[in-house]
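Numbers given in the numbering used here equal positions in the sequence shown, counted from 1, plus 14.
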Amino acid sequence: MDLKLYNTLSHKKELFEPLKKIVGLYTCGPTVYNFQHLGNYRTYIFEDTLKRVLLFNAFRVKHVMNITDVGHLTDDADNGEDKMEKGSRREGKSAWKIADFYTADFKKDIAELNIIEPTVWCKATDHIKEQIALVTTLQKKGYTYETTDGIYFNTTRFPSYGELVRLKKQELQAGTRVAMGEKKNEHDFALWKFTRPGEKRQMEWNAFRHKGFPGWHIECSAMSIKYLGKQFDIHCGGVDHMSVHHTNEIAQSECATGKHPWVRYWLHGEFLLIGADGAAGDGAGEKMAKSGENFITLATLKQKGISPLAYRYLLLQTHYRKQLAFSWQALRSAESGLQNLYQTIARYDKPKIGCAEFEENFKNAINDDLNMPQALALMWRLIKSDYPSSAKLKTLFEFDKVLGLNIKAEWKRRNQKVPKRVMQLVHEREKARLEKNWQRSDELREALEHTGYRVEDTPHGPVTVKMV
Ligand code: AMP
Ligand code: ZN
């Protein structure tokens, strides 16, 4: 089956056909003024799954992810404080230091979640020149106007404004619901903001006869066009980006490049919500958000003894276009499900010829708009099947190219040559356990861990695992 993806633009599943040999993929990255939370990681894991599915289908992929380190204001529109300056005030460090710290933390987390790094990382502050050039092009083409606080995009000059979210024409007219300031139309947005008189900003540049900084949306247009060209295949983000950020990206990019559509497939991941037992405090049913103070980080999860990949495994159980309420209980059962998987395959024979029937069904599931719940169900059906373990293992290694659950590495950790003296400790411990000599058994477990190994007591007997 060919790859079908649900395109937000058409509201349909469509056959995926790339423009060129190499698929161009742009995913909106983190705003680095705070830790990323599990909600953010839901979106990044969905995007990573998409990328893995593309690779599984033998496409080559050029993946670009930005780092928003300037210009994202606290109300997501054109008012409020720059999130970076807010982070700087909160922590008493420079905005640049804040950006470096949270970028490094993000990169460490994504490695632990087995998210494949993008081909290109790009920071907004490294691409000021490109953003100024894009605003200048829009000015020259007559799509902008200037107010006392910045340069704005005039949405009435772009007839298909709002197409992505099917905004109705009457909603495009100036209304009273938003603070209009000097804006001419409700949906007009800042391309470039001027530093307010008397304001002390750490991040500002000289352009357009003022000191100022880029609007949030312009960075994604400028950088995606720079690295992927004037037209490219796929652009992703969370559903919260559809109505403002992505809608504005489309407007400014299509007007600047004259290409329609600028991006051919738009894919959006649904929210992770705060579950009933999701966090200290209230907020059940709300989106997990950085501003909400109710967010859970990967570090919190690890402190509770849960592995990052258990979170990945939990997410794979729900389709990316469905909302998911976070729950510690569900996460704990995902952890035991994952450990059960590792322990079950620990005794499988070396991989040989795989199970073609399962591989075909797996591909059909993932190619049906990333039906990962079905793909996981197939994985367990394979494990329970009568195929020889060498065939199962070969096929599981294939599946894991998409699942990203470290199946190969975990099998290897349990199937390494174990030194004799370690094996001896394992046997002694097993003997102590059978004799119900728990104290001795615990001592031996500790002694074992000093050698860099631990024992897993599985229903199939003890398994020796090399520690990482
Ligand atoms: P930000 O750092 O706020 O710019 O967000 C980074 C990414 O996380 C974006 O693609 C957002 O759409 C996404 N995101 C934010 N909150 C959530 C959530 N609760 N569930 C899923 N994705 C989210
Ligand atoms: Zn973006």
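Ideal placement from N, C-alpha and C gives every residue a C-beta, glycine not left out.
The distance from the Cβ of M15 to that of N381 is about 5 Å, consistent with a contact at the 8 Å cut-off.
The beta carbon of G289 is closer than 6 Å to those of A339, F340, S341 in its chain, skipping five residues each way along the sequence. Taking a cut-off of 8 Å on C-beta distances, the stretch 228-247 touches the stretch 196-205, as three or more cross pairs fall below it. Of all residues, those with a beta-carbon under 5 Å from at least one heavy atom of the ligand ZN are C42, C234, reported in chain order. Taking the C-beta atoms as reference points, A138 is found no nearer than 9 Å to E131.
Remark: fewer than three beta-carbon pairs, one from each stretch, lie closer than 8 Å, so the stretch 150-166 and the stretch 349-358 are not flagged as touching.
DSSP, read as helix, strand or coil, puts R459 in helix.
Taking the Cα of P473 as reference, the smallest distance to any Cα among K377, A360, M386 is reached at A360. Checking the 8 Å criterion, the Cβ of D254 is within range of a heavy atom belonging to the ligand AMP.
Restricting attention to K76, M194, L281, L329, the CA atom closest to the CA of H260 is found in L281.
When the beta-carbon positions are compared, V479 and R428 come within less than 9 Å of each other.
One alpha carbon belongs to L33, the other to A461, and they sit about 58 Å apart.
A heavy atom of the ligand AMP is found nearer than 8 Å to the CB of G53. As the crow flies, the alpha-carbon of L242 is around 29 Å from that of N378.
T409 is classed as buried because its beta carbon has at least 16 other beta carbons within 10 Å across all chains shown. Sequence-distant Cβ neighbours of R103 in its own chain, meaning closer than 7 Å and more than five residues away, do not exist here. Excluding the 5 residues flanking it on each side, R223 has no same chain C-beta neighbour closer than 6 Å. Counting other Cβ atoms within 10 Å of its Cβ, L448 stays below 16 and is therefore classed as exposed. For V432, no beta strand (DSSP E) run applies, since DSSP gives it neither H nor E. Of the other Cβ atoms in all chains shown, fewer than 16 fall within 10 Å of the Cβ of A370; this residue is therefore exposed. Counting other Cβ atoms within 10 Å of its Cβ, R56 reaches 16 or more and is therefore classed as buried. Within the model, the alpha-carbon separation for N385 versus G176 is close to 29 Å. Contact between E28 and L19 holds, since their C-beta atoms are separated by about 6 Å, short of 8 Å. As the crow flies, the alpha-carbon of H249 is around 10 Å from that of N21. DSSP places Y334 outside both helix and strand once states are collapsed to three, so it counts as coil. When DSSP states are grouped into helix, strand and coil, Y166 belongs to the strand group. P476 is the residue among P476, A236, V432, D83 whose C-alpha sits nearest the C-alpha of E444. DSSP places K244 in the coil class of the three-state scheme, outside both helix and strand. Between the C-alpha atoms of L329 and P433 there is a straight-line separation of about 38 Å. Contact annotation: E349 and I310 have beta-carbon atoms that are not nearer than 9 Å. Of the heavy atoms belonging to the ligand AMP, none sits nearer than 8 Å to the Cβ of M79.
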